[in-house]
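Peer 1: The end of the sequence shown is residue 468 by this note's numbering, with every number in the run present.
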Amino acid sequence: MIEAVSFEPGAESRWDDFCAGAINGSFLHSRRFLSYHGDRFDDASLILRDADEWVGVLPAALSPADSTLVISHPGATYGGIVHQGRLAGNRMIEAFTALTRHYAQRGLRTLLYKAVPHIYATVPAQDDLYALFRHGAVRVRCDLSATLDLQGLRPPSERRKRGLRKASKHVVVAGGEALLEGVWHVLADNLERRHGARPVHSLAEIRLLQARFPHEIQVRCALIDGAVEAGVVLFNAGRVWHAQYIASSERGYEVSALDAVFNALVAEARESGARYFDFGTSNEDEGRVLNDGLYRFKHEFGGGGTAHEFYRLDLAA
Numbered sequence: 152m153i154e155a156v157s158f159e160p161g162a163e164s165r166w167d168d169f170c171a172g173a174i175n176g177s178f179l180h181s182r183r184f185l186s187y188h189g190d191r192f193d194d195a196s197l198i199l200r201d202a203d204e205w206v207g208v209l210p211a212a213l214s215p216a217d218s219t220l221v222i223s224h225p226g227a228t229y230g231g232i233v234h235q236g237r238l239a240g241n242r243m244i245e246a247f248t249a250l251t252r253h254y255a256q257r258g259l260r261t262l263l264y265k266a267v268p269h270i271y272a273t274v275p276a277q278d279d280l281y282a283l284f285r286h287g288a289v290r291v292r293c294d295l296s297a298t299l300d301l302q303g304l305r306p307p308s309e310r311r312k313r314g315l316r317k318a319s320k321h322v323v324v325a326g327g328e329a330l331l332e333g334v335w336h337v338l339a340d341n342l343e344r345r346h347g348a349r350p351v352h353s354l355a356e357i358r359l360l361q362a363r364f365p366h367e368i369q370v371r372c373a374l375i376d377g378a379v380e381a382g383v384v385l386f387n388a389g390r391v392w393h394a395q396y397i398a399s400s401e402r403g404y405e406v407s408a409l410d411a412v413f414n415a416l417v418a419e420a421r422e423s424g425a426r427y428f429d430f431g432t433s434n435e436d437e438g439r440v441l442n443d444g445l446y447r448f449k450h451e452f453g454g455g456g457t458a459h460e461f462y463r464l465d466l467a468a
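(1) Just verifying my parser: in three-state terms, what is the DSSP assignment at Leu301?
(2) On the three-state DSSP scale, how would you describe Thr251?
(3) If you draw a straight line from the alpha carbon of Gly230 to that of Phe158, how long is it in whole angstroms?
(4) Under a Cβ-count criterion, where at least 16 other Cβ atoms within 10 Å of its own Cβ denotes burial, should Met243 be classed as buried or exposed?
(5) Using the DSSP secondary-structure output, state which residues sit across from Ile222 in a beta bridge.
(6) Does the region 423-433 come close enough to the region 195-202 that 3 or more CB-CB pairs lie under 8 Å?
(7) What do you reckon, are the CB atoms on Asp294 and Gly189 nearer than 9 Å?
(8) Distance check for Val322 and Arg310, CA to CA, integer angstroms please.
(9) Which runs of the alpha helix (DSSP H) spanning at least 4 residues fall entirely within the region 341-372, listed in chain order?
(10) Pull up the DSSP beta-bridge partners for Asp429, would you.
(11) Asn442 lies in the beta strand (DSSP E); which residues open and close that run?
(12) Quick check: the region 175-184 against the region 259-273, are there 3 or more CB pairs under 8 Å?
(13) In the DSSP assignment, what are the bridge partners of Ala332?
(14) Which residues in the same chain have their Cβ closer than 7 Å to the Cβ of Asp193, if we skip the five residues on either side of it in sequence?
(15) Tell me, please, which residues DSSP counts as bridged to Tyr462.
(16) Between Gly314 and the rest of its own chain, which residues show a CB-CB distance below 6 Å, the 5 nearest in sequence each way excluded?
(17) Tell me whether Pro215 is buried or exposed, calling it buried when 16 or more other Cβ atoms sit within 10 Å of its Cβ.
(18) Once the 5 residues before and after Arg421 are set aside, which same chain residues still bring their CB inside 7 Å of it?
(19) May I have the straight-line CA-CA distance separating Lys320 from Gly382, to the nearest angstrom?
(20) Is the beta carbon of Ala325 closer than 9 Å to that of Ala373?
(21) Rounded to whole angstroms, how far is the Cβ of Val370 from the Cβ of Glu328, which I believe are closer than 8 Å?
(22) Looking at the unbroken beta strand (DSSP E) that takes in Asn137, where does it start and where does it end?
(23) Going by CA-CA distance only, name the one from Gly240, Val289 and Ala171 that's closest to Leu263.
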């Protein structure tokens, strides 16, 4: 029988080793990544085990706004049950029975499950979506991300080709952690100017994460006359290269600087052996609004759509 037990301090290394061998995990599921939040969230992560053997883990924490709501995970783009292939079919249904019982006994009422997008799995691994259906979960949100399949890459649109030709006359593409601050200033100014918003991470937080994950978190930017005018903060999950942050100054937009950055990144991702390059979601209002202009810009590099699905599970059912 599968049982769910709370993650306890001291099991960090075993957790991270388990995620490293999983068929559907990434460094976002590791304790090294999740712990950068410090005490911001009340951790509610679970270990799923059969006798003494781990068969799955669920990164999770309580919602800061509702102590009866557990989210997998509020500090990560996606959460979901991470496993090494042994939670298939009825075993995954049993895993959800165990975690539902565990959370209900703690007095929690609802689980918001942020499924791992299929592109992160090394083999098909959507048994959790079927188990959610069997347990009566309801899909409450769906975001749309533009993704390139690097093994079957379609040509970019004529508009993106024109943008690249323009950018090539003005832009030098560069990388390295020393450029992070410059990219962050462009990002913060862009968000404030266009949306009255701030980046989810502070510069100090992204520096901390980059120091913890120097290979996985990288920076590529466009220099014009030696100044950073556009850039991307990249989360490299090996199989998937994900543009976590994208930004351009007005000067960068004038010369289509991001076209040059993405052209270089896609070539680099293909050379590395990655399967997908993901531009990230283009949604507002919890998925109900699609920023079509932004989505089309990303899609025109030769991409298709990847769904980020969110499910609500009543723990009292």
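Yeah, the Cβ is synthetic: ideal placement off N, Cα and C, and Gly gets one too.
Since the structure is predicted, the reported quantities are computational estimates derived from the model, not experimental observations.
Peer 2: According to the structure shown:
(1) Locating residue 301 in the sequence shown gives position 150, counting from the first residue. Residue state, collapsed to three classes: coil.
(2) The residue labelled residue 251 in the question sits at position 100 within the sequence shown. Reduced to three states, the DSSP call for Thr251 is helix.
(3) In the sequence shown, residue 230 corresponds to position 79, counting from 1. In the sequence shown, residue 158 corresponds to position 7, counting from 1. One alpha carbon belongs to Gly230, the other to Phe158, and they sit about 15 Å apart.
(4) Position 92 of the sequence shown, counted from the start, is the residue given in the question as residue 243. So Met243 ends up on the buried side.
(5) What you label residue 222 is simply residue 71 of the sequence shown in a count that begins at 1. Note: Ile222 sits in a beta bridge opposite Ala212 and Leu263.
(6) Segments in contact, no.
(7) Sequence index remark: in the sequence shown, residue 294 carries index 143 (1-based). Sequence index remark: in the sequence shown, residue 189 carries index 38 (1-based). The criterion of a C-beta distance shorter than 9 Å is not satisfied by Asp294 and Gly189.
(8) Here residue 310 is taken as the residue at index 159 of the sequence shown, counted from 1. Here residue 322 is taken as the residue at index 171 of the sequence shown, counted from 1. Each residue's alpha carbon lies about 18 Å from the other.
(9) The region 341-372 contains, as complete alpha helix (DSSP H) runs of 4+ residues, the segments 354-363 (chain order).
(10) Reading the sequence shown from its first residue, position 278 is the one you call residue 429. As DSSP reads the structure, Asp429 sits in a beta bridge with Thr298 and His393.
(11) Counting from one through the sequence shown, the residue named residue 442 turns up at place 291. Per DSSP, Asn442 lies in no beta strand (DSSP E) and is assigned neither H nor E.
(12) The answer is yes - the region 259-273 touches the region 175-184, with three or more Cβ pairs under 8 Å.
(13) Counting from 1 along the sequence shown, the entry for residue 332 is found at position 181. Residue identity check: residue 332 is Glu in the sequence provided, not Ala. In the DSSP assignment, no residue is bridged to Glu332.
(14) What you label residue 193 is simply residue 42 of the sequence shown in a count that begins at 1. Ala212 and Leu213.
(15) In the sequence shown, counting from the first residue as 1, residue 462 sits at position 311. According to DSSP, which records beta bridges pairwise, Tyr462 is partnered with Tyr264 and Arg290.
(16) Within the sequence shown, residue 314 is the residue found at index 163, counting from 1. Cβ neighbours of Gly314 beyond the five flanking positions: Ser407 and Asp410.
(17) Within the sequence shown, the letter at position 64 stands for residue 215. Its Cβ having fewer than 16 others within 10 Å, Pro215 is exposed.
(18) Mapped onto the sequence shown, residue 421 falls at position 270. Correct list, in chain order: Leu301.
(19) Within the sequence shown, numbered from 1, the residue matching residue 320 stands at position 169. Within the sequence shown, numbered from 1, the residue matching residue 382 stands at position 231. Looking at the two C-alpha atoms, the distance is approximately 17 Å.
(20) Taking the sequence shown and counting its residues from 1, one reaches residue 373 at position 222. Taking the sequence shown and counting its residues from 1, one reaches residue 325 at position 174. The answer is yes: Cβ separation under 9 Å.
(21) Residue mapping note: residue 370 aligns to position 219 of the sequence shown, counting from 1. Residue mapping note: residue 328 aligns to position 177 of the sequence shown, counting from 1. Contact holds; Cβ gap of about 6 Å.
(22) The requested residue 137 does not occur in the structure, where the chain is confined to residues 152 to 468.
(23) The residue you call residue 263 lines up with position 112 of the sequence shown. Val289 is the residue among Gly240, Val289 and Ala171 whose C-alpha sits nearest the C-alpha of Leu263.
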